[in-house]
Structure formats: structure tokens, C-alpha cells
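2 protein chains.
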Amino acid sequence: MFVHHVFFWLKDPGSREDCAALVAGLQKLSKAGMIKDFHIGQPAGTNRDVIETSYAVSWLLLFDTSEDQEAYQTDPIHLQFVKECSPLWSKVVVYDSI
Amino acid sequence: MFVHHVFFWLKDPGSREDCAALVAGLQKLSKAGMIKDFHIGQPAGTNRDVIETSYAVSWLLLFDTSEDQEAYQTDPIHLQFVKECSPLWSKVVVYDSI
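Heads up: the protein sequence lines correspond to chains A and B, in order. The numbering of the first sequence is this note's numbering, which starts it at 0 and goes up by one. The numbering of the second sequence is this note's numbering, which starts it at 0 and goes up by one.
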């Protein structure tokens, strides 16, 4: 199992429209064939010192193999997503774990 | 779906023993009854600017509801894990998303 977890911060953190556009983009991106499972989320409202709550959107992907994750990086659906949606975000942090 | 993703940094990052002890603790913790699914991981070896690779262990939990995650926080199995394993880590970062 390969876990690919991406957190997005928006250029305009207060924009509900931008957030909705990013989520819509991720929903399209979720059709990439090598994705085993995915979850699109937003901060849950929990609040302790150790909890990072400043991001706008969480994009959790599960792949069967590292190769699937590599193939996803260059899949046309992924490249199209980056082209369309990257103007929306100011920062991305990725955690890949196996 | 409630996604609870925890990243641990070890006090002694070079210690394979401490890493193994933390993973063993998480395996015990995974028996907590309200956990729907879990994944214990380590950095995948991917390497781009946006990828955080400095943590030692990734602990991904899926819960059906926010209430299950709340109950997990005070479950005796969780409290025992914190008691036994917290001396191992120097930093924890948590992302909760729904």
C-alpha cells in the first residue's frame, strides 16, 4: 500500500468559490485509473496544539504500489488538474508513506 | 468518513530500535475497536520539494464518524499507547479531515 496525502493552502483562504473549484478539480482527478481509493476533506474542526488546521483541502490517495503512484504523477488527468487548479493554491505539502 | 493522520518524529531519529518500538506500539493501538481502517507507514523514498520526508512514522486512521475519533482519543488502549510510546517521539503533527 502506498499512501499519498496532499494538503493544499489557497492563495485566497477566504474564498469559498476557490475552495469549491479545487474540490471540483479533485473530483475530476479522482477518475485517474490507478487510484485505488481516495478521500477529499477539509479540516475537521478538532483543535489541539499538535493539530494542523490551517490548510484548506486534504487529498488522500491510496495506491496498490509505488509504480501506480509514479504513473499517476504523469497521467494526463493529473497534468490537466495541475494546469487548471494550480493558480488556486499558494502552498502544497505532500506526505508519501509505505 | 473522518481521516486522522498522525506523523511522528523520533527523539533519536537514527534509532531503528525506537522506530520498531513505535511501530509495535501502533500495531497494538490498531486494536482499538472504533478504528475502521489503518495504515502504518514510513517515508516512501519519493523526493520533490513539496514532499515532507523528515518524519519517522506515519499513522493513518479512518473512522466512520467524528464521534468515533473522539472516543478513540480517550480509549484505554490509546492512553496506554501514549504512556508507553510518548518517550520515543520529539514531535507529532496531526491532520484531521472530514
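For glycine and all other residues, C-beta sits at the position ideal for the given N, C-alpha and C.
Member of the options whose CA lies at the smallest distance from the CA of residue i
i              : options                       : result
S65 of chain A : B:L87, B:V5 and B:N46         : B:N46
G32 of chain B : B:C18, B:V91 and B:D63        : B:D63
A55 of chain A : A:L61, A:Q68 and A:Q41        : A:Q41
S89 of chain B : B:V2, B:F1 and B:W8           : B:W8
K82 of chain B : B:L21, B:V2, B:E16 and B:P12  : B:L21
D36 of chain A : A:A43, A:V92 and A:Q26        : A:Q26
L61 of chain A : B:H38, B:V49 and B:T52        : B:H38
D11 of chain A : A:V92, A:S85 and A:A23        : A:S85
Q79 of chain A : A:V49, A:S53, A:D48 and A:A23 : A:A23
S57 of chain B : B:A43, B:M0 and B:R15         : B:A43
6 Å CB neighbourhood of residue i in its chain, flanking five on each side removed
i              : result
D74 of chain A : A31
D67 of chain B : M33
D17 of chain A : L9, D11 and L87
L59 of chain A : H4 and H38
Close-in-space but distant-in-sequence residues of the same chain around residue i (CB under 8 Å, 5 per side omitted)
i              : result
H77 of chain B : L28, A31 and Y71
R15 of chain B : none
CB-CB length for residue i against residue j, believed under 8 Å
i              : j              : result
V2 of chain B  : S96 of chain B : 5 Å
E69 of chain A : V92 of chain B : That belief does not hold up - the Cβ atoms of E69 of chain A and V92 of chain B are roughly 26 Å apart, past 8 Å.
Residue i: first and last residue of the uninterrupted alpha helix (DSSP H) it sits in
i              : result
I76 of chain A : P75 to C84
S14 of chain B : Note, S14 of chain B: premise wrong, no alpha helix (DSSP H); not H, not E.
E51 of chain B : From DSSP, E51 of chain B is part of no alpha helix (DSSP H); its letter is neither H nor E.
S65 of chain A : S65 to Q72
Segment limits, beta strand (DSSP E) that includes residue i
i              : result
Y94 of chain A : W88 to S96
G40 of chain A : D36 to G40
V56 of chain B : V56 to F62
V2 of chain A  : F1 to L9
7 Å Cβ shell around residue i - same chain, five flanking residues per side excluded
i              : result
Y94 of chain A : H4
Contact residues within the stretch 1-17 of chain A, judged by C-beta distance below 7 Å to chain B: Per Cβ criterion, the list reads F1, V2, H4 and F6.
Taking Cβ-Cβ distances below 7 Å as the criterion, which residues of the stretch 23-47 of chain B are in contact with chain A? H38, G40, Q41, P42, A43 and T45
Could you name the residues of the stretch 72-96 of chain B whose beta carbon sits closer than 7 Å to any beta carbon of chain A, in the order they occur along the chain? V91, V92, V93, Y94, D95 and S96
Relative to chain B, which residues along the stretch 51-62 of chain A have a C-beta separation below 9 Å, given in chain order? E51, T52, Y54, V56, S57, L59 and L61
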